[in-house]
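Please read the structure below before turning to the comments.
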Ligand SMILES: Nc1ncnc2c1ncn2[C@@H]1O[C@H](COP(=O)(O)OP(=O)(O)OP(=O)(O)O)[C@@H](O)[C@H]1O
Ligand SMILES: [Mg+2]
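In this note's numbering, the protein residues as written are 8 to 256.
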């Protein structure tokens, strides 16, 4: 008998198929993907443009539905939820960071961070929020409006907002896509610290090997299929793996 350690899974999809359109315009964006995202880890999803990365993230996060297969957040199967329960699950258990920061321009940094908690009618955990403000380094910007911040600072607000409600998992789609490389490094370092210092789970879509190297593990998609996983990635190793996907011309 071997000893088994139980690794909790924050999110997973099983036999995930996503078909867009029909007939001549049919696209099989996900073609039978099974993948789990372990709790307390930072996982990157990589693959060429059009390989299904955003589709996988949206379906895993309950922003879109699968054509067949199942998506779970923790032990909850998303397909079993009605719209109201799915909305509540996304609000209470999932955080999001997108390429466009999506901050509310009329609200201050502090108000943007706690917006979804306020909408949920709670105040959140004051100690957690206080610690989070230090993790993202925004204490001296709390009363500023987004327009008064740099792009990198705005994305740090979006990261703080995503973690504010202590979600089971934070999904980030190209979070550094609109940032210069220095601000991008800051945001990636921040995501890594949020995972390691606060035991949160992050799943990040990226096409940048340098960004992927911040993760604990990289999963590779090609043509809507999971083709590889890599532990302890470096930018060079990820780049080498990506080159193998390139079709020789
Ligand atoms: N709403 C949609 N309607 C029709 N086809 C779609 C839709 N969304 C995505 N697709 C198609 O599904 C495939 C996968 O798209 P997806 O956006 O998941 O790729 P991606 O890996 O995120 O690409 P990128 O790196 O360019 O963001 C592509 O062929 C895309 O054109
Ligand atoms: Mg995408």
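Just so it is clear, CB atoms sit at the ideal spot from N, CA and C, and this is done for glycine as well. Keep in mind it's a predicted model, so treat the numbers as computed, not measured.
What are the boundary residues of the beta strand (DSSP E) that includes residue i?
i: residue 257; result: Limits of the chain in this structure are 8 at one end and 256 at the other, which puts residue 257 out of reach.
i: residue 50; result: 49-53
i: residue 14; result: First-last for residue 14: undefined, no H or E at that position.
i: residue 103; result: 101-104
Which of the three DSSP states, helix, strand or coil, is assigned to residue i?
i: residue 76; result: strand
i: residue 84; result: strand
i: residue 217; result: helix
i: residue 27; result: strand
i: residue 39; result: strand
i: residue 169; result: helix
i: residue 177; result: strand
i: residue 111; result: coil
i: residue 228; result: strand
i: residue 182; result: coil
i: residue 71; result: coil
i: residue 89; result: coil
i: residue 22; result: strand
In angstroms, rounded to a whole number, what distance separates the CA positions of residue i and residue j?
i: residue 155; j: residue 125; result: 23 Å
i: residue 40; j: residue 70; result: 17 Å
i: residue 210; j: residue 118; result: 25 Å
i: residue 78; j: residue 231; result: 16 Å
i: residue 239; j: residue 185; result: 26 Å
i: residue 114; j: residue 251; result: 46 Å
i: residue 191; j: residue 139; result: 19 Å
i: residue 98; j: residue 81; result: 15 Å
i: residue 233; j: residue 24; result: 12 Å
i: residue 213; j: residue 106; result: 10 Å
i: residue 104; j: residue 180; result: 6 Å
i: residue 203; j: residue 57; result: 31 Å
Going by beta carbon distance, what residues of the same chain come within less than 6 Å of residue i, once the five residues before and after it are set aside?
i: residue 148; result: 116
i: residue 8; result: With a pLDDT of 49 at residue 8, under the threshold of 50, the modelled position of that residue is not reliable, and the figure given next carries that caveat. Taken in chain order, the list of residues that qualify is empty.
i: residue 216; result: 242, 245 and 246
i: residue 75; result: 24
What are the boundary residues of the alpha helix (DSSP H) that includes residue i?
i: residue 242; result: 242-250
i: residue 196; result: 188-205
i: residue 142; result: 133-142
i: residue 126; result: 116-126
i: residue 63; result: 60-67
Is any beta-carbon of chain B found at less than 9 Å from that of residue i?
i: residue 184; result: This model lacks chain B altogether, as it is built from one protein chain only.
Quick one: what's got a C-beta closer than 7 Å to residue i's C-beta in the same chain, skipping five residues either side?
i: residue 88; result: 96
i: residue 59; result: 36, 37, 228 and 231
i: residue 248; result: 227, 235 and 237
i: residue 135; result: 173
Please go through the same chain and pick out, in chain order, the residues whose beta-carbon is closer than 8 Å to the beta-carbon of residue i, but skip the five residues on each side of it.
i: residue 163; result: 143, 144, 145, 193, 194 and 197
i: residue 93; result: 69 and 85
i: residue 34; result: 26, 27 and 28
Compute the beta-carbon to beta-carbon distance between residue i and residue j, rounded to the nearest angstrom, for a pair I have assumed lies under 8 Å.
i: residue 241; j: residue 220; result: 5 Å
i: residue 228; j: residue 73; result: Wrong, their Cβ atoms sit about 15 Å apart, outside the cutoff.
i: residue 14; j: residue 45; result: 5 Å
i: residue 110; j: residue 161; result: 6 Å
i: residue 177; j: residue 167; result: Actually they are not in contact, since the Cβ atoms of residue 177 and residue 167 sit about 11 Å apart, beyond 8 Å.
i: residue 199; j: residue 171; result: At roughly 18 Å, the Cβ-Cβ gap does not stay under 8 Å, so residue 199 and residue 171 are not in contact.
Could you tell me if the beta carbon of residue i falls within a distance shorter than 8 Å of some heavy atom in ligand 4?
i: residue 25; result: Among the ligands in the structure shown, ligand 4 does not appear; only ligand 1 and ligand 2 can be found there.
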